[in-house]
């Protein structure tokens, strides 16, 4: 099938989704709920606008249950209440967003995390919907037994993995996350400069019998000559080589500014290279393994 682009929206995005359709999106995944007490106040308007702009309209829930099966079931019930109120079609998919937050601890045992995730997804399936799971690629590898998830629910993973912190218009499949069961790849948090997550579906989201996406080989990281400055949001080490375990040249504080001459856009972290007066280089992380920026880049 042809790869299709889409966006996911929450309270941080507008209620009018026309600009996303104009930019080339064919689907939208709208955040409805979080925990058992939050409903996105913009959700109904976003759902209405998505349909008006001919976007296939899916929905997601932000987990607050960590590794608790009982809480997962309560949250699934709450989510389903709002799914029905917003009239999300059973032809579309319902997604569980399971990621670190102050209300969602992800440091439980891998088996316990997975059991809770499966309980939530099973409740959606039992209600007649097709469930999917969203998380960052590193978290899926370390904290979730994704083989169990896809054995129960098929090709249903929505994986976040950003090759670069820059705005991105099109997915570079040289950086496709090497995981089985991927249905959607979230490849940027700033698609086409619209300040919205960019996603590409690699299976037919509207086909129940979708075939698994081909497993991609792990990409080879490469340096790109590109100079600028980097302002730290928090304290970071300046490393002797572009490895998180490499020795530290210095520990820099929030607000410090580092000049760089090259960017390493790897599958996990984004590194910047700082020329040193001794002819050597220092290296600093501009984006961590979870895709979060550690400072502000200015080219």
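In the working numbering, the protein residues as written are 497 to 795.
We put the beta carbon where it would ideally sit given N, CA and C, even for glycine.
As the crow flies, the alpha-carbon of residue 786 is around 31 Å from that of residue 577. In the three-state reduction of the DSSP assignment, residue 780 falls in the strand class. Closest option to residue 729, judged by alpha-carbon separation, among 744, 528, 696 and 790: 790. Separation of the CB atoms of residue 725 and residue 744 is rounded to 21 Å, and the pair is thereby denied contact status at 8 Å.
Residue 722 sits away from residue 733, with the two beta carbons spaced by 7 Å or more. The continuous beta strand (DSSP E) containing residue 720 extends over residues 719-728. One thing to note: residue 686 has its Cβ within 7 Å of the Cβ of residue 663. DSSP, reduced to helix, strand and coil, places residue 765 outside both helices and strands of the structure shown, so it counts as coil. In its chain, beyond the 5 residues on either side, 522 and 697 have a beta carbon closer than 6 Å to the beta carbon of residue 500. Of the residues assessed, residue 740 falls on the exposed side of the cut-off, its CB having fewer than 16 other CB atoms within 10 angstroms. Counting the other CB atoms within 10 Å of its CB gives residue 514 a total below 16, which places it among the exposed residues. Checking the DSSP bridge columns, you'll see residue 527 partnered with 556.
Residue 626 sits in a strand when the DSSP states are folded into three classes.
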